[in-house]
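In the numbering used here, the protein residues as written are 105 to 254.
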């Protein structure tokens with residue numbers, strides 16, 4: 105399986121905008137349009153298209169908030185696999201590769217994310233990769249998880 109993360113540009117933006125999660129998951133993550141609009145407003149966000157074997161299968165957005173915590177925080181703010189590619193065993197290897205990319209890019213010691221408590225599938229995935237709840241809530245009332253990087 106070849107996993108690639110590509111910038112979103114005029115060549116792939118329309119396809120990225122067509123990515124959707126299952127209807128039962130839509131309350132857990134913003135649409136790719138909302139994410140791209142947010143990244144246009146806040147330049148700290150890094151939206152990325154996710155490809156497996158040259159096929160667009162997902163989207164992620166991450167960034168560094170320098171005024172959070174003592175030294176700033178790196179956030180994995182959005183992660184989704186399109187509904188047509190869920191259940192194919194992509195999420196864990198993609199997320200693992202994405203974590204490595206973020207660590208390499210930011211040289212960070214921790215990666216933060218937040219999720220709604222009832223997003224059980226995502227919670228299990230994040231826990232498998234080493235994320236743990238830290239007792240915090242974000243500004244939307246989502247529980248914060250953190251991955252300590254060795």
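By construction, the Cβ of each residue, glycine as well, lies at the ideal position given by its N, Cα and C atoms.
Q) According to DSSP, is residue 108 helix, strand or coil? A) Along the chain shown, read from residue 1 onward, the residue named residue 108 stands at position 4. Looking at residue 108 - three-state DSSP - the assignment turns out to be strand.
(Q) Helix, strand or coil for residue 201? Go by DSSP, reduced to three states. (A) Residue 201 sits at position 97 when you count from the first residue of the chain shown. In the structure shown, residue 201 sits in a helix (DSSP, three-state: H, G or I).
Q | Cutoff 8 Å; reference residue 140; Cβ partners in own chain excluding five residues on either side | A | Sequence index remark: in the chain shown, residue 140 carries index 36 (1-based). For residue 140, same chain residues with a beta-carbon under 8 Å away, outside a window of 5 residues either side, are 112, 117, 120, 121 and 151 in chain order.
Q: Can you give me the start and stop residues for the alpha helix (DSSP H) that residue 158 sits inside?
A: Here the question's residue 158 lines up with position 54 in the chain shown. That residue, residue 158, is in no alpha helix (DSSP H); it is neither H nor E in DSSP.
(Q) Rounding to the nearest angstrom, what Cα-Cα distance links residue 155 and residue 175 in this structure? (A) The residue you call residue 155 lines up with position 51 of the chain shown. The residue you call residue 175 lines up with position 71 of the chain shown. Approximately 32 Å between the Cα atoms of the pair.
Q) Quick one: Cα of residue 124 to Cα of residue 244, how far? A) Within the chain shown, numbered from 1, the residue matching residue 124 stands at position 20. Within the chain shown, numbered from 1, the residue matching residue 244 stands at position 140. Whole-angstrom Cα-Cα distance: 22 Å.
Q | Cut-off 7 Å between Cβ atoms - residues of its own chain near residue 179, not counting five sequence neighbours on either side | A | Sequence index remark: in the chain shown, residue 179 carries index 75 (1-based). Excluding positions up to five away in sequence, the list reads 166, 167, 169, 216 and 217.
Q) Can you name the start and end residues of the beta strand (DSSP E) that residue 247 belongs to? A) On the chain shown, position 143 is the one that residue 247 refers to. Run containing residue 247: 247-252, per the beta strand (DSSP E) assignment.
Q) Roughly how many whole angstroms lie between the Cα atoms of residue 157 and residue 173? A) One-based indexing of the chain shown puts residue 157 at position 53. One-based indexing of the chain shown puts residue 173 at position 69. Approximately 38 Å between the Cα atoms of the pair.
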